[in-house]
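For reference, the structure discussed in these notes is given below.
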Amino acid sequence: MSTMTALSRAEFTLLGRNRVLLFNALVMPLVLPIVLLVVAGRDGGLTDAGVSAALEIFALFLLVFLVYYNLLSVYATRRDELVLKRLRTGESTDAQILLGPAVPSFLLTLLLGVIVGVVVVVLGGGTPVNVLLIAAALVGGAALFAALALITSAFTRNAEAAQITSLPVILLAMLGSSLLRDVVPESLADVVALTPMAAVSDLLNLGWFGTTSVGDAAGGADSVGFASTFAEAGQPALVILAWIAGSVLIARTHFRWEPRS
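The sequence shown: position 185 = 184 (numbering that gives the first Met the number 0), numbered continuously.
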């Protein structure tokens, strides 16, 4: 058994024993989006706008609670308990030690994404234009928020303190809401489009509808086909990659392996 596999299995076991984190990981990302889809489906069928809103809420709760807050708590707790320090004295590399706790979150991200996608299709929300972009949005978003968790953990003394130190990133994620982009001036909307959740939402919409501007009418005039979605995905994909690269670089210099004094 490889080191990564052993670390990942251990994190899966610990996640299953922590009811609070398990609730945040499995229940919160699913309940509200599915309820929204079911209610919207009863009122004359699902519209593209309704599906888009449900997917955005799903991605927000998934990446903030399952990935970001879960990993922030894990890194802070493991450091406080000297687990990270002990692992560094063994055969594990730094990358393996940090990626091990993230593997369960990444796998659950894909699993929950499949579940929500199936629910949308079953309830009459149509089928995605490009599944690859949807997967890229979820995996890229998970990597991005995992990197943000590494940065935040440098300023987080323990799991309890994570409730406070996580607030700036949670607010940053909420800033990317499509509702905000619809009401702010165009110049500010362009800035908001550079935030993590805005880029993830744009990729999700491109993958499902073939457009980032989703209206009530199905098959909007500005929607594109499978091949064309890759060209349209350039900007949000670059935004996600830039956030990942920047966060990793900051984490490399600021991440703490031992408890804060």
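Note that beta-carbon positions come from the ideal geometry of N, C-alpha and C, so glycine has one too.
Considering only residues of the same chain and omitting the five flanking positions on each side of V118, which have a CB-CB separation below 7 Å?
Answer for V118: I33, L36, listed in chain order.
Do I239 and L131 have their CB atoms nearer than 9 Å?
Result no, Cβ atoms of I239 and L131 do not sit closer than 9 Å.
Let me confirm a value: F57 is counted as buried when at least 16 other C-beta atoms fall within 10 Å, else exposed. Which label applies?
Buried, since its Cβ has 16 or more Cβ neighbours within 10 Å.
Can you tell me where the alpha helix (DSSP H) with L21 in it begins and where it stops?
Where L21 is concerned, the enclosing alpha helix (DSSP H) stretches over 18–21.
Rounded to whole angstroms, what is the Cα-Cα separation between A236 and I243?
If you take the alpha carbons of A236 and I243, they lie about 11 Å apart.
Is it buried or exposed, S212, if we count other Cβ atoms within 10 angstroms and call 16 or more buried?
Under this definition S212 is an exposed residue.
How should I96 be labelled, buried or exposed, when 16 other C-beta atoms within 10 angstroms of its C-beta is the threshold for buried?
Answer is buried; the Cβ neighbour count reaches 16.
How would you call E257, buried or exposed, if buried means at least 16 neighbouring beta carbons within 10 angstroms?
Exposed, since its Cβ has fewer than 16 Cβ neighbours within 10 Å.
E55 lies in the alpha helix (DSSP H); which residues open and close that run?
Element bounds for E55: 47–60.
Please list the terminal residues of the continuous alpha helix (DSSP H) segment that includes L35.
First-last of the alpha helix (DSSP H) with L35: 27–41.
What are the boundary residues of the alpha helix (DSSP H) that W207 is part of?
Taken as a continuous stretch (DSSP letters only), the alpha helix (DSSP H) holding W207 covers 195–208.
Which term fits I150, buried or exposed, when burial requires 16 or more other beta carbons within 10 angstroms of its beta carbon?
That one is buried.
Taking all protein chains shown into account, decide if F64 is buried (16 or more other Cβ within 10 angstroms of its Cβ) or exposed.
So F64 ends up on the buried side.
Alpha carbon to alpha carbon, how far is V168 from L147?
About 8 Å.
Apart from the five residues on each side of it in sequence, which residues of its chain come closer than 8 Å, Cβ to Cβ, to V183?
For V183, where only same-chain residues beyond five positions count, the Cβ hits under 8 Å are V191.
Beta-carbon within less than 8 Å of L21's beta-carbon, same chain only, minus the 5 sequence neighbours each way: which residues are those?
Around L21: L14, G15.
Beta-carbon within less than 6 Å of L54's beta-carbon, same chain only, minus the 5 sequence neighbours each way: which residues are those?
If we look at L54 and ignore the five residues flanking it on each side, its Cβ neighbours are L203.
With C-beta atoms as the reference, is M196 less than 9 Å away from L166?
No, Cβ-Cβ distance for M196 and L166 is not below 9 Å.
So Y74 is in the alpha helix (DSSP H); what residue range does that whole segment cover?
69–79 is the span of the alpha helix (DSSP H), which, as asked, contains Y74.
For the alpha helix (DSSP H) that contains P184, what are its first and last residues?
Premise fails: P184 is in no alpha helix (DSSP H) and is neither H nor E.
Within 10 Å of its beta-carbon, does L248 have 16 or more other beta-carbons around it, so buried, or fewer, so exposed?
Flag for L248 reads exposed.
If the criterion is Cβ atoms closer than 9 Å, does the pair G274 and P127 meet it?
Nothing can be reported for residue 274, as the shown portion of the chain is limited to 0 through 260.
Can you tell me which of the three DSSP states T2 falls into?
Note: T2 maps to helix in three-state DSSP.
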